[in-house]
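Reading through the structure tokens given below for one structure.
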Amino acid sequence: MVSTAGLGGRTGLVWRVVLVVLALGQVVSPLLVSALGGGAFTTSDRAGEPPIVPAGYAFSIWGLVEVLCLAYAVWALVTRSPGQQLRDRLARPLSVVFAGFTAWLVAAEVEPVWSTVAVFVVMLIGLLTALNIAVRHRAEITGWHRAPRALLWSMLGVYTGWSSVAIWVNLTTALTESGAPIDGPAGVTGQIAILAGATATAVALLWRTSGLLSYGLAVVWALVAVVIATADAQQPVLSVIAAAALLLVAAATTWFRLRRPVVA
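Residue numbers (full-length UniProt numbering): 1 to 264.
Set out below in structure tokens:
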């Protein structure tokens, strides 16, 4: 008779193997899309984009995300250190996220206007689920060796931080593709609302994670690029709003870290 623990262990192993495969998929899929001649929607600094889309250089953060995800997935598969049950629990939502990344690239080629937003929503739900699991087991993670602990928090923070801003930007792009204005009073007001939504999301997650530094830095990275992009587009009002959002996120990161109960 097969024990429940044995079945659970094999199921967890399967999920961790799947996670490695999907992490590799995140690395390979952009190369395949580019080789097949696609990628127009995901090309940075496209003409006609809303001013609040971050400057093109900022999207290089995806390379860091891919490396962190692959490194964590491989570590989670091969390590024999304590915390296997937690790694197994994290593997499920992270598999959804990693698969979503490749699905997002496909959606960007098939129907980039609203399908990409839908995929990003699913990805963000997966990231928030994984982040919530990690936060609730913060004390256990603190007992891990320093390197894997830093790897986990870096991966979750950078991926969630960039995605929590990118989903709002993706929404702006979808609205623009659907006919919404990008300039004039209506266009500027709409983009201010988008920046407010992204900032509120960031502050809420900084509160939930006790000022997770990797998360705050990823959001700051995105907002700096928004300030630059809006300045290049000669939209001073949006530049000021983006700069204010940047300062607010930086202050919130510092404040919540100072008040955090456990160092992460």
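Ideal Cβ placement from N, Cα and C applies to all residues, glycine included.
Only a predicted model underlies this, so the values are computations on that prediction, with no experimental measurement involved.
If you compare alpha carbons, which of the options is closest to residue i?
i, options, result
"S239", "R138, T116, A35, V224", "V224"
"W204", "A174, S164, R136, V96", "First, the residue type needs correcting, since residue 204 is Ala and not Trp in the sequence shown. Out of A174, S164, R136, V96, S164 has the C-alpha closest to the C-alpha of A204."
"V169", "T199, A76, V237", "T199"
"A71", "A150, G56, V113, Q85", "A150"
"D232", "R16, A55, T11, G48", "A55"
"V21", "V33, A35, C69", "C69"
"P51", "V237, A130, T142", "V237"
"G83", "G63, G12, S29, V119", "G12"
"L124", "W104, L36, R10", "W104"
"P30", "W62, W75, G48", "W62"
"R10", "V53, S34, Q85", "Q85"
"Y159", "L36, F120, R257", "F120"
Under the rule that 16 or more other beta-carbon atoms within 10 Å means buried, what is residue i, buried or exposed?
i, result
"A58", "buried"
"E111", "exposed"
"L19", "buried"
"P93", "buried"
"Q191", "buried"
"V17", "exposed"
"W15", "buried"
"S3", "A caution first: S3 carries a pLDDT of 46, below 50, which makes its placement in the model too unreliable to give a value."
"A222", "buried"
"E66", "buried"
"L206", "buried"
"A161", "Residue identity check: residue 161 is Gly in the sequence provided, not Ala. Buried, since its Cβ has 16 or more Cβ neighbours within 10 Å."
"A202", "buried"
"A245", "buried"
"M1", "In this prediction, M1 scores a pLDDT of 42, lower than 50, which makes its location untrustworthy; no coordinate-derived value is stated."
Taking the straight line between their C-alpha atoms, what separation do you get for residue i and residue j?
i, j, result
"residue 314", "A252", "As displayed, the chain neither begins before 1 nor continues past 264, which places residue 314 out of reach and without an answer."
"R138", "Q234", "44 Å"
"G126", "A166", "15 Å"
"L77", "T230", "43 Å"
"S81", "V135", "19 Å"
"A264", "A130", "Residue placement at A264 cannot be trusted, given a pLDDT of 44 that sits under 50; what the coordinates show is reported in the next sentence. Whole-angstrom Cα-Cα distance: 16 Å."
"A218", "M155", "11 Å"
"L213", "A243", "19 Å"
"R260", "L32", "43 Å"
"S60", "T176", "23 Å"
"G197", "L90", "27 Å"
"S34", "L258", "44 Å"
"L248", "V113", "30 Å"
"T142", "L195", "34 Å"
"E49", "G211", "32 Å"
"I241", "D88", "41 Å"
"L36", "W144", "42 Å"
"I182", "A108", "21 Å"
Below 8 Å, how does it come out for the segment 18-27 and the segment 91-101: are there three or more Cβ pairs, yes or no?
yes
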